[in-house]
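*Asks:*
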Amino acid sequence: YKACEDLCTHRLAASLYARLSAALHEHVAHEAARLRARMALVDAEAFLPWVNAAWNAHCQGTLLVRSIFLYLDRTYVIQTAGTKS
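Those letters in the sequence shown? Residues 8 to 92, per this note's numbering, in order.
Structure, rendered in structure tokens:
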């Protein structure tokens, strides 16, 4: 959290936001590809626990990312039109 605050204070919020957004999109695309690959290997009943585990991991990870980048969200994102929280 403090590192995020320091970066925002030093006017690097736009860069931090862009890098974070790209990393999150890349991660979601990677996880979706992993699930699609597994879906081809098993039936639907065996696939659902993998989907559930991926969703739970995503939710936990999102909470952690939100906690770390809360300062970015409360300063840069609120003040910049067209950015998503």
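Yeah, the Cβ is synthetic: ideal placement off N, Cα and C, and Gly gets one too.
Of the choices Ala61, Glu12 and Leu71, whose alpha-carbon is the least far from that of Arg43?
*Replies:* Measuring from the Cα of Arg43, the nearest candidate turns out to be Ala61.
*Asks:* Using 8 Å as the threshold, is the stretch 32-50 in touch with the stretch 72-84, meaning 3 or more CB pairs across them?
*Replies:* The count of Cβ pairs closer than 8 Å, one atom from the stretch 32-50 and one from the stretch 72-84, stays below three, leaving the stretches out of contact.
*Asks:* Helix or strand or just coil, what does DSSP make of Lys91?
*Replies:* The three-state reading of DSSP puts Lys91 in coil, since its state is none of H, G, I, E or B.
*Asks:* Give the secondary structure of His65 by DSSP, where H, G and I count as helix, E and B as strand, and everything else as coil.
*Replies:* helix
*Asks:* Quick check: what's the CA-CA separation for Cys66 versus Asp50?
*Replies:* 25 Å
*Asks:* Let's test the definition: count the other Cβ atoms within 10 Å of the Cβ of Tyr8 and tell me whether it reaches 16, buried, or not, exposed.
*Replies:* exposed
*Asks:* Could you check the C-alpha separation between Tyr73 and Leu27 for me, to the nearest Å?
*Replies:* Sequence check: residue 73 is Arg here, not Tyr. Going from the Cα of Arg73 to the Cα of Leu27 covers about 11 Å.
*Asks:* Between the Cα of His17 and those of Glu52, Glu38 and Leu79, spot the shortest distance and give me the residue it belongs to.
*Replies:* Ranking Glu52, Glu38 and Leu79 by Cα distance to His17 puts Leu79 first.
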